[in-house]
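Report on the structure given below.
In this note's numbering, the protein residues as written are 1 to 467.
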């Protein structure tokens, strides 16, 4: 019987990073993955493939505007969706192969099969052929991630009524894609197919899209996507989703109680994700689940079984790959007797549309609700020389700072390269910078990052220079 110091169930970003850090710290480490490829949802049917399609579709969209730059493209420019999907898969395969390389490099034993607890220290690995083996592990980390949620009355047939998994491998560009849910996943995949020629309609229960982010970001993204041709039905409650041959009929009730009907050839159900614990047999190990199906953990991510921890989408908090990675490192270091720490307020969120949307810290709505006095400074991208030079003038940066101390409490941005620019805000807030601190730091000209400096100036006695 194989014996390990630490065994991780699940090889997503949280799981494989936890395994690497455990191995670095000298633990004999194993990882269990039920699929034949490593990387979990993020690498296989989430972050990586969606960004590959976003990149490909962005290139196609940019071609439509090359003439503005004095570049004339002669002949027809066509979308080869099959080739696009093949490239996406090649990126996925390469990335997943990279994780396998890291497992080998760090001498981590990989078991392919479903991991389920027999006890707090015994785990059964059941392979596809039905055979199984038992391994012993002093400590374990549950990193089984999440899967797409649905609504009780919707039947996902994976052909016309689909989840994000199927949306990443369609064989045709939809004529009319009806998206149920205006969160990050739905909006990103909606923009992919909008660029490729689909009509895209988004039905959202809340009064705005990306409802978890600052309202100003939602308003600006809605404006830009409407300009691109996307249609929105916010404050609409879906009543039914029915397939009729190759057509999908979605009925929803608006705020006035009226029923609207949308007919498309595909409907993407994107109403969030839920923790995945099926087959884990958590109860056999004494691991408690919450009423929401999450693994119950304390502030150290320790479950009700003292030698078992849980991280990532399967526990409370934002379902983000980088959050899971930080938690994987934290648990590994706790097991090694160290005292690591995560500031969840400083984990950024990003929407990878174009323009990109990114945020860290508190929103204006949260500060108002908490009764915290603050000041806000904004700067529009269209006032940046670099943005005008490149033609990416949509968006802004907004900085929220404490009214008394000037400490930065939140940074919210939408525009070109914001997924990368948000790291500057995270760094500043990690060191408890004031808006004035940022405003006095030199930023290269011309760059998109200058918008952060200018927003900081705007938050510091309204001192923005270029607007």
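For every residue, glycine included, the Cβ atom is placed at its ideal position computed from N, Cα and C.
For residue 457, the enclosing alpha helix (DSSP H) covers residues 450-459. Secondary structure of residue 415 (DSSP, three-state): strand. Around the CB of residue 111, 16 or more other CB atoms lie within 10 Å, so the residue is classed as buried.
Counting along the chain, the unbroken alpha helix (DSSP H) around residue 44 starts and ends at 40-45. Per the C-alpha coordinates, the member of 85, 182, 78 positioned closest to residue 351 is 182. In the pairwise beta carbon analysis, the stretch 95-105 is classified as not touching the stretch 119-128: fewer than three pairs are separated by under 8 Å. The straight-line gap separating the alpha-carbon atoms of residue 336 and residue 345 is approximately 25 Å. By DSSP's assignment, residue 181 forms no beta bridge with any residue. Residue 164 is a Cβ neighbour of residue 189, given a cutoff of 8 Å.
Rounded to the nearest whole angstrom, the C-alpha separation of residue 459 and residue 418 is 19 Å. Counting of Cβ neighbours within 10 angstroms places residue 63 among the exposed residues, the total staying below 16.
The beta carbons of residue 347 and residue 323 sit about 5 Å from each other, so the pair counts as a contact at 8 Å. Here the stretch 384-396 lies against the stretch 441-450, with 3 or more beta-carbon pairs under 8 Å apart.
According to DSSP, residue 349 shares a beta bridge with 359.
Sequence-distant Cβ neighbours of residue 342 in its own chain, meaning closer than 6 Å and more than five residues away, are 326, 330. A check of alpha carbon separations from residue 139 across 462, 308, 395, 446 identifies 308 as the nearest. DSSP, reduced to helix, strand and coil, places residue 37 outside both helices and strands of the structure shown, so it counts as coil.
Rounded to whole angstroms, the separation of the alpha carbons of residue 422 and residue 416 is 11 Å.
Linking residue 420 to residue 245 through their CA atoms gives a straight-line distance of about 44 Å. Residue pairing from DSSP leaves residue 394 without any beta-bridge partner. Look at the stretch 137-190 and you find these whole runs of alpha helix (DSSP H), each 4 residues long or longer: 164-167. Assignment of residue 15 by DSSP, reduced to helix, strand and coil, places it in the helix class. Leaving aside the five residues that flank residue 403 on each side, the residues in its chain whose CB is nearer than 7 Å to its CB run, in chain order, 373, 374, 375. In the DSSP assignment, residue 26 falls outside any beta strand (DSSP E), carrying neither H nor E. In the DSSP assignment, residue 299 falls outside any beta strand (DSSP E) and carries neither an H nor an E. Around the beta-carbon of residue 27, 16 or more other beta-carbon atoms lie within 10 Å, marking it buried. Taking each of 405, 133, 109, 275 in turn and checking the Cα distance to residue 116, the smallest one comes out for 133. For residue 332, the number of other beta carbons within 10 angstroms of its own is at least 16, and it is reported as buried. For residue 192, the CB contacts under 7 Å within the same chain, skipping 5 residues up- and downstream, are 53, 54, 57 in chain order.
Minimum Cα-Cα distance from residue 410 among the listed residues 239, 429, 32, 39 corresponds to 429. Put simply, of 285, 40, 80 the residue whose alpha carbon is nearest the alpha carbon of residue 146 is 40. Three or more beta-carbon pairs drawn from the stretch 251-270 and the stretch 148-168 are found closer than 8 Å, and the two stretches are therefore classed as touching. In the DSSP assignment, residue 111 is bridged to 32.
The DSSP-derived three-state label of residue 432 is coil.
Listed in chain order, the non-local C-beta contacts of residue 434 below 6 Å within the same chain comprise 406, 407, local neighbours out to five positions each way being set aside. The Cβ atoms of residue 304 and residue 288 lie closer than 8 Å to each other.
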